[in-house]
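In the numbering used here, the protein residues as written are 2 to 240.
First comes the structure, then the notes that go with it.
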């Protein structure tokens with residue numbers, strides 16, 4: 002028996018090496034069905050290795066023992082792969098929920114600060130500094146600003162479900178006929194209007210307005226006097 006084990010020891014070593022090489026190197030979850038395939042291969046290699054060692058012990062050779070071991074190992078590996086898949090999908094779902102919760106928390110913080118400032122500075126108008134939505138002179142929404150715009154749209158929809166809304170964009174420029182200022186205003190208003198529609202407001206209720214102005218639309222004594230050189234205003238038409 003000891004002699005037979007020595008003869009087939011290389012086969013066992015090869016099986017062990019193949020087994021360890023198939024073990025996932027990273028514990029991080031990854032999406033997709035490949036986890037089941039990986040589990041199947043891993044289980045098959047495990048079974049084949051065990052079968053080869055067992056076959057050597059009973060002098061049956063690597064063939065039958067490995068085949069039986071691989072078959073049972075594949076079944077075990079598939080079950081393990083499905084279990085891992087479910088656990089990792091659950092982890093990915095929890096990660097997504099955490100990101101959404103953080104985004105909602107950020108939006109609520111921004112809006113709470115905005116409405117507190119509105120009561121002090123412009124209680125009858127809903128004016129936002131443009132940098133909440135756009136970086137520099139960009140005309141595409143910041144990725145994190147989409148959640149903010151959608152929440153503003155939902156608030157408008159709940160408060161005034163029948164009213165038309167004007168989305169006005171303001172840019173300060175010395176030349177009130179500036180083509181560049183008009184470009185910024187037009188595209189920014191359209192960008193926010195598009196996001197309002199995605200949030201469920203009917204397109205027929207939304208109008209856009211471009212306004213090039215000679216000085217900031219308002220001055221916040223608690224902020225930079227230049228903050229509102231570019232601004233966005235949401236204007237209900239029907240009360």
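Backbone N, C-alpha and C fix where the C-beta goes; we use that ideal spot for every residue, glycine too.
Fair warning: this is a prediction, and the values are worked out from it, not measured in the lab.
| Asked | Found |
| --- | --- |
| Residue 237, DSSP secondary structure in three states | strand |
| Whole-angstrom distance between residue 226 and residue 123, CA atom to CA atom | 15 Å |
| Rounded distance between the beta-carbons of residue 150 and residue 210, thought under 8 Å | Not a contact, Cβ separation roughly 17 Å. |
| Residue 1 burial status per 10 Å Cβ neighbour count (16 or more: buried) | No answer is possible for residue 1: the residues shown for the chain start at 2 and end at 240. |
| C-beta atoms of residue 127 and residue 218 nearer than 8 Å | no |
| Length of the line joining the Cα atoms of residue 221 and residue 171 | 16 Å |
| Spatially closest choice to residue 163 from 204, 108 and 228, by CA coordinates | 204 |
| Beta-ladder partner(s) of residue 211, from DSSP | 170 |
| Cβ-Cβ distance between residue 188 and residue 213 below 8 Å | no |
| Where residue 181 falls, given that 16 or more other Cβ within 10 Å makes a residue buried | exposed |
| Neighbourhood of residue 118 by C-beta, 6 Å cutoff - its chain only, sequence neighbours within 5 removed | none |
| Coil, strand or helix - residue 227 by DSSP | coil |
| Through-space distance from residue 228 to residue 135, alpha-carbon basis | 13 Å |
| Within 8 Å, strictly: CB atoms of residue 147 and residue 196 | yes |
| Local Cβ density within 10 Å of residue 142, reported as buried at 16 or more and exposed below that | buried |
| Reference residue 238, options 161, 110 and 174, closest by Cα | 161 |
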